[in-house]
Amino acid sequence: MTTAPLAETRFLYDASNAVDPLGDAERESDEGRKHNRAKVGSGRPSSLLYTYGPGAIMDLPQFTVMPSGLDDWDRIWRRRDGVPQIRAPRLRQAVAMLLRSRDIQLRPFPWQAKKMSLSTEGNDLGVPARVFPQWLRCTGCDMLGSLAQFDYRNTHPYRTDLACFEHTRCTGRAGDRMRRPTRRPAVPARYLLACVDGHLDEFPYERWVHQGQQCDKAEFPALKMVDRTAGKGASAVIHCESCGARRPMNEAQGEAGRSKLPRCRGRHPHLDAFEPSGCGNDTRLMLVGASNLWFPATHSIIVMPESSEERKSDLADQVRTALGEKLAKYRDDLETLRDVLDGKVDVTDLSDAELAEAVAAADAPAASEAEQEERIRSWDPVDLLVPEWLYLQKDVLGPGVEDPASGLTLSKRECDPSLPPQIARVLAVEKLRKVNALIGFTRIDAMDRVGDLPRRLVPLTRSAHPAWTVATEDRGEGIFLQLDDQAVAAWEERIATSDIWRAHRDAHRRNFHRRFSETAVEVDPDTRLRPPRYWLVHTLAHVLIRELAMTCGYSAASLSERLYAWPASEGRAAAAGLLICTTASDSDGTLGGLVQLSEPMRLQGVVSRALYRATRCSSDPICATRTPQDPEDFLHGAACHCCGMASETSCERANRFLDRRFLVDLPGSNLGFFDHAD
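End of the sequence shown sits at 678 in full-length UniProt numbering; the numbers just go up one at a time, nothing left out.
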């Protein structure tokens, strides 16, 4: 199988501790040798979206870098003849609303394709990044210093893993037998400060070791970070050689350590900026590799055929973007307008009336700030799923029906007589296109666990109204299962009054109040608890993923879930279904192994085996009877990594809201959906 394109990560260090991603690719050193080749590594587009996006810290072999904000990326696009865009009108409109930018664009990563020639085309592409943290420790003598105190070496054009910072006059530790100073590599000093509003800052080692004061012996004291017991948390000791002061880092840990840390300065290192109004929050000690350092805030859609309303709205957006301020000039001259739009927007098939309607919609005034805030407050991520669910309800007229515009190919599958009657409908999704967009990120708490999203979401640009955001486009295949809604509704009534559901609800409330940051207040915990049908669909998706991975040819980590599970509400019909799919940025996601298992006999075997495996776990009876009781606050019941949990890449809820007792009857429980057909 082929490898997905890699998005290049670049940086170029200079004396100002900033990063110029598009400076000269090579600089001459004092000796006349080529010194800096800028490129320092590469990563897949998916990892740059979900793991190492702007504001995250990426581990390279010798040091760490932070991808810059999107403002720095504009320098790359300005060098290109055309700026590529990803077309997904429904997702673009949601992103435009959330980021308060009416004409925002979805653009791919500026990845550099693999080349088989000596051409230099595309060498200016790559993701800009800056070295962070910029405090380093010498591995030879434990010297702790800023980036300017070390030399940067990156001289091999094809070995970016050799790029490193070095202490050129290292004399070693006390007792080492070193006849003369030598070069020793430096590694990042691993401590940082973070606050709940997403700010991140270097740890103030100099102030820390001197108890918040300046060194009384030297203006620029010589510091060392002595660490002899790796793997035991904040075990290092900061030592000032100028005055002899010493202070261990473990004093900064825990609740007691917070009172000894400075207040947050409001720094966003990925933007090279500070909050204009400051911050002042309490800070927390954070390690460079901490899992809660960066949580992406993403939204995605499965691209479906557009409705007439969506096409009209998208056309108006295209006209407004193409004309800009010239829209008012050509608004009443449709003939000239067609000439101006030629090559920019396809309006050849539009009548004058349709074109005039599009121009009028494009020229409509933008929503006021108050209206935008109200839309964001009332918006629900489920709004992106509803059009997909409604389209999947439509009758498929024949096998392999493909929509050319969206690339979606569906085939209806008959249900095997032995398939559980609770599964009402099956579709083979032979081809699909999934678009994912990044709108920001959070620190300390993930996005779905934050109560005040507009305030806590860290921006990707210095501008309050970004012109674009990064997105990825994946292609793949999948299987869609729809559950019988009447059976789900009847089952849900039984669950709502059960002791197990009351225990889950109480545990969720405890979890909410204990795990959320101190700024998440005035939020009703019950509004964040997924309904019983979501637990049902979610658990079913997980056991199916584990079973499908046995025979479909894809690994379990390559399969992902898309859940349609919400009760009926005003203006929204109830839903109970799931799409298990695999996607990739190239053709790897369309090999056909998953779709083949949607055939009636094969699917019946997969479902029956999955439900049978759900009745037992190697951790039973502990797993089968697991129910959270005060003071426990975990968000799952009879589910563990031996039976019902999936990999991080597969689950959309981080293995929360799972319980096998909702699928099948387990000892001491009779709530199984598939064990009660009536």
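Even for Gly, the Cβ is constructed at its ideal location relative to N, Cα and C.
Own chain partners of residue i with C-beta closer than 8 Å, once the 5 adjacent residues on each side are dropped
i: P262; result: L193, P204, R207, G212 and T283
i: L597; result: I479, L548, T551, C552, L603 and V606
i: S313; result: P89, Q93 and A361
i: A328; result: D363
i: L223; result: M143, L144, G145, Y205, E206, V209, I238, H239, C240 and E241
i: R505; result: D526 and L529
Residue-chain proximity (residue i, chain B), Cβ-Cβ < 7 Å
i: E219; result: Absent here is chain B; the protein component of the structure consists of one chain.
8 Å contact criterion, which residue i and residue j should meet: CB distance rounded
i: R510; j: P631; result: 7 Å
i: A573; j: D484; result: About 14 Å separates the two Cβ atoms, so there is no contact after all.
i: M225; j: D142; result: 6 Å
i: C170; j: T182; result: 6 Å
i: F441; j: T539; result: The Cβ separation is near 29 Å, so there is no contact.
i: T469; j: S46; result: Contact doesn't hold; Cβ gap of about 16 Å is too wide.
i: P466; j: I104; result: 6 Å
Backbone CA spacing between residue i and residue j [nearest angstrom]
i: L666; j: R660; result: 8 Å
i: R91; j: S307; result: At residue 91 the sequence reads Leu, which differs from the Arg that was named. Each residue's Cα considered, the two are about 14 Å apart.
i: R602; j: Y612; result: 15 Å
i: D24; j: H167; result: Below a pLDDT of 50, predicted positions are generally treated as unreliable, and D24, at 31, falls in that range; no measurement from the model is reported.
i: E275; j: P84; result: 32 Å
i: E151; j: F165; result: It is worth fixing the name first, because residue 151 is Asp in this sequence and not Glu. Cα to Cα, D151 sits roughly 5 Å from F165.
i: R528; j: F657; result: 11 Å
i: V65; j: Y191; result: 14 Å
i: A236; j: H199; result: 24 Å
i: P221; j: A148; result: 15 Å
i: N135; j: V288; result: For the sequence presented, residue 135 should be read as Trp rather than Asn. For W135 and V288, the distance between alpha carbons rounds to 12 Å.
i: S669; j: T649; result: 31 Å
i: K344; j: S101; result: 21 Å
i: S16; j: A405; result: With a pLDDT of 29 at S16, under the threshold of 50, the modelled position of that residue is not reliable, and the figure given next carries that caveat. S16 and A405: Cα-Cα distance of roughly 49 Å.
i: G398; j: V429; result: 13 Å
i: S29; j: T582; result: Low confidence applies here, because S29 scores a pLDDT of 36, under 50, leaving its location unreliable; read the following figure in that light. When rounded, the distance between both Cα atoms is 48 Å.
i: L392; j: A584; result: 22 Å
i: E202; j: Y330; result: 53 Å
i: R375; j: P567; result: 22 Å
Other residues of its chain near residue i: CB distance less than 6 Å, five sequence neighbours each side excluded
i: T298; result: N436 and L438
i: D675; result: V664 and D665
i: P532; result: E492 and I495
i: residue 688; result: Past the edges of the chain, shown from 1 to 678, lies residue 688, and the structure says nothing about it.
i: P61; result: D161
i: residue 679; result: Here the chain has residues from 1 to 678 only, and residue 679 is not among them.
Residue i - containing beta strand (DSSP E), residue span
i: I57; result: Unbroken run through I57: none, as it is neither H nor E.
i: V359; result: Counting along the chain, V359 falls outside any beta strand (DSSP E), though it belongs to the alpha helix (DSSP H) covering D352 to A362.
i: K312; result: K312 -> not in any beta strand (DSSP E); alpha helix (DSSP H) instead, spanning S308 to L323.
i: G145; result: M143 to S146
i: M225; result: L223 to V226
i: D383; result: Unbroken run through D383 is the alpha helix (DSSP H), V382 to L392; no beta strand (DSSP E).
i: residue 683; result: Nothing about residue 683 can be read from this structure; the chain reaches only from 1 to 678.
i: E251; result: Taken as a continuous stretch (DSSP letters only), E251 belongs to no beta strand (DSSP E), as it is neither H nor E.
i: W135; result: W135 to C138
i: R494; result: Per DSSP, R494 belongs to no beta strand (DSSP E); it is in the alpha helix (DSSP H), D485 to A496.
i: V396; result: Run containing V396: none; DSSP gives neither H nor E here.
i: V606; result: Looking at the DSSP string, V606 is not in any beta strand (DSSP E); the run it does join, the alpha helix (DSSP H), is P600 to A614.
i: L671; result: Premise fails: L671 is in no beta strand (DSSP E) and is neither H nor E.
Distance cut-off 6 Å: residue i Cβ against heavy atoms of the ligand SAH
i: D416; result: This structure lacks the ligand SAH, and indeed carries no ligand of any kind.
Counterpart residues of residue i in DSSP-defined beta bridges
i: H636; result: L658
i: C415; result: Answer is none; C415 lacks a bridge partner.
i: I301; result: V435
i: Y191; result: L287
i: R107; result: V470
i: H268; result: A273
i: G593; result: Answer is none; G593 lacks a bridge partner.
i: M66; result: R130
Cutoff 7 Å; reference residue i; Cβ partners in own chain excluding five residues on either side
i: T627; result: I500, A503 and G637
i: G257; result: E251 and L285
i: P600; result: R413, E414, C415 and D416
i: R530; result: F657
i: R609; result: E547
i: H641; result: none
i: E310; result: P89 and R90
i: P188; result: F63, T64, P133, L136 and V288
Unbroken alpha helix (DSSP H) run spanning residue i, endpoints
i: N511; result: D499 to R515
i: Y205; result: Y205 to V209
i: V196; result: Note, V196: premise wrong, no alpha helix (DSSP H); not H, not E.
i: S560; result: Looking at the DSSP string, S560 is not in any alpha helix (DSSP H); the run it does join, the beta strand (DSSP E), is L559 to W566.
i: M97; result: P89 to L98
i: E335; result: L334 to L341
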